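**Q** Line by line, the protein sequences are chains R, F, L and V.
Quick note: the first sequence uses the numbering used here, first residue 866, plus one each step.
Quick note: the second sequence uses the numbering used here, first residue 146, plus one each step.
Quick note: the third sequence uses the numbering used here, first residue 33, plus one each step.
Quick note: the fourth sequence uses the numbering used here, first residue 2, plus one each step.
By construction, the Cβ of each residue, glycine as well, lies at the ideal position given by its N, Cα and C atoms.
In this text the structure is predicted, and so the values were computed from the model without any measurement.
Please see the structure below; I have some questions.
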Amino acid sequence: MTHTTTDEGTALLLEPSALPARTRLLKTLLRSRELSVAIVLLIVVAAAAIKSPDFVVSSDGWRDLLLTPTILLLLAAGQTVVIITRNVDLSVGSILGLSAWLTGELFMAHPGLPPVLAFVIGSAAGAGLGLINGVVVAYGKVPALVITLGTQYIFRGIVLTWAGSSLISASQMPDRFLKLGTAQIFTIPVLFIIAMVIVVAVGYYLQTARSGRELYAVGSDPEAAVLYGLPVNRRVVGAFILSGALAGLAGVVFAARYGTVNSSAGTGIEFQAVAAAVVGGVAIFGGSGTAWGAAIGAGLLMTINSALPMVGISDFWQQALVGALIIAAIVLDRVLAARQARKLIEARDES
Amino acid sequence: GKADTGTSSDGESGGSGDKPLSIVFLPKNLGNPYFDASDAGGKKAVEALGGTFSEVGPQTASPDAQVQYINTAAQQHASAIVLSANDPKAVGSALTQAKSSGTKIVTFDSDTEAQYRDLFVNQASPEGIAKAQVDGLAEQIGDSGEIAILSASANATNQNAWIDLMKKDLQADHPDIKLVDTVYGNDDDQTSFDKTAALLKNHPNLKGIISPTTVGIAAAARYLSTSKSKGKVALTGLGTPNQMRKFVEDGTVTEFYLWNPTDLGTLAAYAAAALANGEITGKEGDKFTAGDLGDYTVGADNTVLLGDPTGFNKDNIGDFDF
Amino acid sequence: MSERTYPSYTHPLWRRLLIGREAGVIALLVIIWLYGYSNIPYFGDTLTLTYILVDMTTVLLIALPMTLVIVTGEIDLSVASVVGLSSAVLGLLVQHGVGMPLACLTALVTGVICGVVNGFLVAYVGLPSLAVTIGTLALYRGIAVGLLGTTAVTDFPANWTELTSRVLGSSGIPTFMMVFVVLAAIFIALLHFSPFGRGIYDIGLSPEAAEFTGVNVQRTKMILFVLTGTLSALAGIFYTLRFGSARGDNATGLELQVIAAVLLGGVSIFGGRGKLPGVIAGVLLIGALSSALRLEGVTVNVINIIIGLLLVLSVLSTSLLAWVSDIRGSRARRHRVQRPTPTPSSVSSQ
Amino acid sequence: MDSPPQAALQLAGVSKNFGPVAALRSGSLTVQPGSIHALVGENGAGKSTLVKIVAGVHRRDGGDFFLDGQAVDFGSTAESKAAGIAVIYQEPTLFPDLSVTENIFMGRQILGRMRRIDKATMYREAGKLFQGLGVHIDPRRPALGLSIADQQIIEIAKAISLDAKVLIMDEPTAALSGVEVERLFTVARRLRDEGRALVFISHRFDEVFDLCDAVTVMRDGSYIGTRPIAETTVTEMVNLMVGREVADLFPKQDTDIGDVVLKVEGLQSAGVFHDVSFTVRRGEIVGLAGLVGAGRSEIARAVFGVDRYDSGTVSMSGTAVPARNPRAAIRSGMAFIPEDRRKQGLVTDASVAENIAGVIRRGLAKGGLLTKAQENRAVAPWAARLEVKTSSLDAPAKTMSGGNQQKVVIAKWLATKPDLLIIDEPTRGIDVGTKSEVHRLLSELAGQGLAILMISSELPEVLGMADRVLVVSEGRLTADLTREQATPETVMHAATASSGSQEMAR
Ligand SMILES: Nc1ncnc2c1ncn2[C@@H]1O[C@H](COP(=O)(O)OP(=O)(O)OP(=O)(O)O)[C@@H](O)[C@H]1O
Ligand SMILES: Nc1ncnc2c1ncn2[C@@H]1O[C@H](COP(=O)(O)OP(=O)(O)OP(=O)(O)O)[C@@H](O)[C@H]1O
Ligand SMILES: [Mg+2]
Ligand SMILES: [Mg+2]
């Protein structure tokens, strides 16, 4: 409020915000899309817990509450990075399947393999498949939806050929590795900790690294990004590599958590990953959204699945509710966006 | 009905022996160790008879995917299809067409409606299967308390038949046992695993689970073995020894049941060959020999019965490898 | 003013026909058919033709309106769930003793309602169709599974289920294809020979310009989503009768098959480009290829790999061709750069 | 080479083809450090193409390109940026989802600890940049929702912050108001005085003479000549550009003015315009003048039914036209040529024929069926009447120059045989040659009894063409002037009339 009246008259737009930094941060947080999804998630958990306290309180309940969404958490974070660049990766389910099978094969061939190495190899394999997607999409100048639909078929075909009709069961993998599937630190499952660390890191990277911000720029307006001199192709390839690596990691987590792998691991999970991102506030046409939001979205989708029966809704109606939730989320986004646009225009009017 | 396909004319090879024997095994889905075992038995039998064996099948246990494989086998004029049906009715018209082009139809493991096939090779009588599991679990939990069923898909013919029989058995013989929930793992490992977790969470007083499907019982056992409920919640059902060995040894599971799937495959293959050669027609009273398994007679409803299920526990599980 | 005249076309007819992606797909279809006919045992049987057509009928039916939707730049991922839902409705009604005609009609109306919901959210609320139909994909399937629960309804009258397998004389062509041919003719006229169809392309190429030209963008999109819902329901009825079984999980995953076929047929996922004959050829190509490969004893995994590769390569082909001509062009350019160029001073002296 | 060795930027005989289109045949340009160099030419002369070659967007097919005497060849915009070239493109290129600060610093954000982006410092820097430009923009607001003028200002801030040796501005003023243009010029002169080389592209000669030191003229993709600004005149420049004498820029014919065609009463849309009432009669050209951002386009769009409005009525020849329904407006006899030709006026990927037939095709169909042949037959006379330059009717509109595209849009609407033509910025971004053709055409159409509502930001155009001038300021009609009353002074006074602070600012 230091401007003179005449100065304000010339203002074209919003005055630079005079709010102190902390207030602004709080306001941003309160208005954020992530918070609203998180609140819904808490409500769901609370409702289930009231009906059946075991859902949260018992040690198994607590463990499963955190473990069940772990795989989708990883996939949703990876999917977010790709969607932000105005692409989509429909091949993550097949990448997950390949990596899970690879993990099983690795342990069958080398029972002494340190589990850490399995995680590294799984992620690297996923990254390699992501690289293929990325290169074809970026340099072939072809839509990601089509290409990853194609590679979804191809990668799944490879798992099927490799695995045939066989199955790798718990007894064929070392206990050291399978223990990771349920191991807990301070009651929090190790796999969940790994996933959370990665989701937080990805989200932080997107917000604070140059290349991370460039991903948003690429998705916000790809043509402008080219004119701007941004390395658009490199960024798109990078996004697909990251998504592939996370799907690969999710495959290893799958093997550790379920202890059994066959050729159909991860079938159909790609839609859930996209849905989690959308529910978590990631715009399907790129340019906005956070990995954190997507992770909360993943948590919500998976938790709803296990919580519904507790509040007395039959198994059979779960999917319908998930669908309604997705639609509610995008309608909410639209309402919020319209409100923001109106504010920006009003601000211009007032100036 | 007169399903006029315009093809019945070129496929009337009937039971003539001039065509080489080719038998197509079509399990519910690939990647299922139970069918691996049965198809292995089938393969050995077909090769012993000097025929060609092939195994085809969909990735997921859905009837529409099975139809395409039935069609292909019919196009190739295979001598016989040995099928475990994903739906008693949905594969019907495809089977009818295949039959009309001269292919014999044998179902095993999971039957279709009787008019669609020539013969059903039954693993064990449904009454026997249901009773073995219910009585087994009742013994383990002291004949009272809450139990639940973890089944395959909601439409699986045999599972649904067994579940109905189990309910009758429970009512008649075990009045203190209460069946509180039936959930479906769709014969998918991950789904079955998550459903087990949900079952335990939703029913804190649960004392036992029956899973009449090999995929389901293995997933449930794996979940139980890592959970606090291990040893407290009894688990039984139908499983293969190789998948369940670990859980029997570590005490998660006391006893489970199954017939020998390899024998089932072998019997189905011999039955199919006998039909294809015109040795039998599938009517009640027909007799044929199934290699080492011995002689079998076709019973009512064009059905051949393999035998009673075996119980596997700590004492005998070491003797089996499938 | 001198009255100028303009040629209508830059290229002669044969060139215009040959350059499209449609031509490539149709050629590939013919090649596979000829190869199969002469080299694969049983492929030439009329029975094979029957099976390919019956197998692909659901995809063919849904691909018609889906093409129009994709040409406007939208997408409908909920089609397979609409198949499932209409199948569930049909089954439920028949189970409760409702007559077939009324049950089928109700199933169709279910599809219309599904389409209206999609269309309303996309066209009038303005939400992205990719997100909306991922939502309704789950929603409609969920309702279908919720309605039927564990049951599969199988007691359909035989004279109705037979309709799906009856063939025309000895041609091997299923009688039901007549319905498809009529529908295909209507859709081709609609997309390629009507003002409405031109509007569909305009919307796909530039929605804003279409709006300014008086194309009713919202209503057009609404109509297309309703058509997609309706034909998906029709496909659902066909599917149910063909298998004689109504189940909540009928046709799961079919949406990807339909979209793959449409894209293979030369339709651009960005909208504004693509033709129905190409799409129909794309669907038949997948059907013929799968059938041929199955007859050759190729397993489902390899078939998947081949269909995936075909999809990727067909989409890449445009880019690859441009790339090749670019390389040729830059080679020629290198020659040109050598030539001496006039200096500014020499030009400015004019 | 007889040019001075220190030329900051030198292009000689540069050529570029897009498939069959020769966009640039032999482009040449020499810019000295510490000078502002104008680049002028008709639409499609190849100016933007030349700029894009310098920027590394396109690779040249032939010719020489020197920067500070060094031969260079840019494969990407990143390379040209690194070499010290900043470009403001003809179309603003902003990322709508990102804050204006991020838009300015994208790709070279200020890094803090551990190579993390230091947002606080960036906001401060952006604030300083805006201060230097004399504008008040919240550095945190997203670029979404900025008006075109505001977007252009962000582009300018971006280019300035690059600290480039060479700054190229491709029609930066097309969407700016007088004050903003002045501000931009102050900054440009300061940069020149710092010793940088600037290239300025504009169709407005007054600006060229006001700002620049030298001017290079292009025609048909070729270099025509370079003149120091002090030694040339508008007439010479126009002659060089067009290659012929251009007689009268605004040949308005007198016409008989007839009955009321369009009647707008009390039109209102919250936050955009208020209480707008006016009429347009047969044979009359009504000019809608005002500052950029005054809301003229919005009024026109609401009248035509593309935008909604809260209250008020629109009627054509006495019959009410329903709101929010362009189809109904077209049926009532309206035609609307929007200001953004490439996004709104044309489906650029569609062919010339499809574009011209865009509105009338419903009437062409026989029994619901429409063929290409019917379309071609119907559009050919209209293309001929407007002398559209195209090789064939199935050529995509995107391959044409701006002026020709505008002719296609006009043809499309004339084909509907309208009673009222609303035309928003009829000659924006159109060269002098085509411009006078468009003016002659509008005047001729009015002579034939068409009612015309013309929105224009160019005062000479409004004063020269209009029978009556309506002035809009801040969404309100502030004056209704006859041809005689309308002078630059009366119009500008009305345009800045409404609120006191506004008048002081502009
Ligand atoms: N990407 C492209 N593909 C095909 N033709 C093009 C392309 N870009 C430009 N052209 C053509 O090249 C010619 C020169 O265009 P350019 O944009 O350089 O003109 P300009 O002088 O900037 O005109 P204006 O004043 O209208 O901006 C035009 O005929 C145009 O149609
Ligand atoms: N990109 C935009 N997004 C939202 N609203 C806008 C946008 N551009 C303009 N507006 C709104 O419309 C009003 C007038 O805009 P505009 O600049 O188009 O006016 P105009 O008088 O038609 O000027 P001109 O036609 O000369 O550009 C603005 O004050 C603003 O409220
Ligand atoms: Mg230009
Ligand atoms: Mg305007």
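Specify, as a first and last residue, the run of the alpha helix (DSSP H) that Y179/F falls within.
**A** Segment P178 to A193, the alpha helix (DSSP H) holding Y179/F.
**Q** Helix, strand or coil for N461/F, going by three-state DSSP, please let me know.
**A** Here N461/F sits in coil by DSSP.
**Q** Would you identify the three-state DSSP class for A1112/R, choosing helix, strand or coil?
**A** The answer is helix: DSSP assigns A1112/R an H, G or I state.
**Q** Which residue or residues does DSSP assign as beta-bridge partners of K17/V?
**A** In DSSP, K17/V forms a bridge with L25/V.
**Q** If you follow the alpha helix (DSSP H) that D87/L is in, where does it begin and where does it stop?
**A** D87/L -> alpha helix (DSSP H) spans T78 to V103.
**Q** Just tell me which of A1203/R, G1145/R, S964/R and S1179/R has its CA closest to the CA of V902/R.
**A** The residue with the shortest Cα to Cα distance from V902/R is G1145/R.
**Q** Do N303/F and S246/F have their C-beta atoms within less than 8 Å of each other?
**A** In this structure, S246/F does not lie closer than 8 Å to N303/F by Cβ.
**Q** Cβ of N174/F within 8 Å of Cβ of T205/F?
**A** Their beta carbons are under 8 Å apart, which means N174/F touches T205/F by this criterion.
**Q** Could you work out which residue in V910/R, A1156/R, T888/R and A1203/R is closest to L1165/R when comparing CA atoms only?
**A** Of the candidates V910/R, A1156/R, T888/R and A1203/R, the one whose C-alpha sits nearest the C-alpha of L1165/R is V910/R.
**Q** My parser needs the beta strand (DSSP E) runs of 3 or more residues fully inside the segment 313-378 of chain F; what are they?
**A** DSSP runs (the beta strand (DSSP E)) wholly in the segment 313-378 of chain F: 322-329 and 351-356.
**Q** Exposed or buried, which one is P233/F when buried takes at least 16 other CB atoms within 10 Å?
**A** It is buried - the Cβ of P233/F has at least 16 other Cβ atoms within 10 Å.
**Q** Would you tell me roughly how many angstroms separate the C-alpha atoms of A283/F and I322/F, rounded to the nearest one?
**A** Those two C-alpha atoms are separated by around 8 Å.
**Q** What are the residues that DSSP puts in a beta bridge with K1044/R?
**A** DSSP lists no partner for K1044/R.
**Q** Say whether chain L places a C-beta atom closer than 8 Å to the C-beta of S245/F.
**A** No, its Cβ sits nowhere closer than 8 Å to a Cβ of chain L.
**Q** Using a Cβ-Cβ cut-off of 8 Å, state whether E355/V counts as contacting chain L.
**A** Yes, contact with chain L.
**Q** Give every residue of the same chain whose Cβ lies closer than 7 Å to the Cβ of S161/L, excluding the five residues on either side of it in the sequence, and list them in chain order.
**A** If we look at S161/L and ignore the five residues flanking it on each side, its Cβ neighbours are E106, I107, D108 and V154.
**Q** Compute every distance between the C-beta of V947/R and the non-hydrogen atoms of ligand 6, then say whether any falls below 7 Å.
**A** Ligand 6 is absent from the structure shown, which contains only ligand 1, ligand 2, ligand 3 and ligand 4.
**Q** Does N267/F come out as helix, strand or coil in the three-state DSSP assignment?
**A** It is a strand residue.
**Q** Beta-carbon of D929/R versus every beta-carbon of chain F: anything under 8 Å?
**A** Interface residue, yes.
**Q** Rounding to the nearest angstrom, what Cα-Cα distance links A1156/R and A320/L in this structure?
**A** Distance between the alpha carbons of A1156/R and A320/L is about 43 Å.
**Q** Out of I54/V, N326/V and V492/V, state which residue places its alpha-carbon closest to the alpha-carbon of D74/V.
**A** Measuring from the Cα of D74/V, the nearest candidate turns out to be I54/V.
**Q** Considering Cα atoms alone, identify which of F225/L, G229/L, A184/L and I318/L is closest to N231/F.
**A** Cα-wise, what sits closest to N231/F is A184/L.
**Q** By Cβ distance below 7 Å, which residues in the same chain neighbour D350/V in space, the five residues on each side in sequence not counted?
**A** Counting only Cβ-Cβ distances below 7 Å, and skipping sequence neighbours, we find P397 and K399.
**Q** Would you kindly check if the distance between the Cβ of T1132/R and the Cβ of G958/R is under 8 Å?
**A** Yes, they are a contact pair.
**Q** According to DSSP, is Q7/V part of a helix, a strand, or is it coil?
**A** Reduced to three states, the DSSP call for Q7/V is coil.
**Q** Please check if any C-beta of chain R sits within less than 8 Å of the C-beta of K377/F.
**A** No, because no Cβ of chain R sits closer than 8 Å to the Cβ of K377/F.
**Q** Per DSSP, which one or two residues make a beta bridge with R362/V?
**A** None, per the DSSP bridge assignment.
**Q** Which of the three DSSP states is assigned to Q91/V in this structure?
**A** Q91/V falls in the coil class under three-state DSSP.
**Q** If you follow the alpha helix (DSSP H) that K82/V is in, where does it begin and where does it stop?
**A** From DSSP, the alpha helix (DSSP H) with K82/V extends over T78 to A83.
**Q** Decide if M973/R is buried, meaning its Cβ has at least 16 other Cβ atoms within 10 Å, or exposed.
**A** Burial call: exposed.
**Q** Assuming W192/L contacts M132/L (C-beta within less than 8 Å), just tell me the rounded distance between them.
**A** W192/L to M132/L, Cβ: 5 Å. Contact.
**Q** Cβ of H367/L less than 8 Å from any chain F Cβ?
**A** Low confidence applies here, because H367/L scores a pLDDT of 45, under 50, leaving its location unreliable; read the following figure in that light. With 8 Å as the cut-off, H367/L does not count as an interface residue toward chain F.
**Q** Are the segment 285-292 of chain L and the segment 67-82 of chain L touching by the rule of at least three beta carbon pairs closer than 8 Å?
**A** Contact fails: fewer than three Cβ-Cβ distances are below 8 Å.
**Q** So for G1162/R, helix, strand or coil by DSSP?
**A** Helix.
**Q** Please state whether DSSP places N447/F in a helix, a strand or coil.
**A** In this structure, N447/F counts as helix in the three-state DSSP scheme.
**Q** Smallest Cα separation from T399/F: which of D314/F, K377/F, Q260/F and K432/F?
**A** The option with the nearest alpha carbon to T399/F is K377/F.
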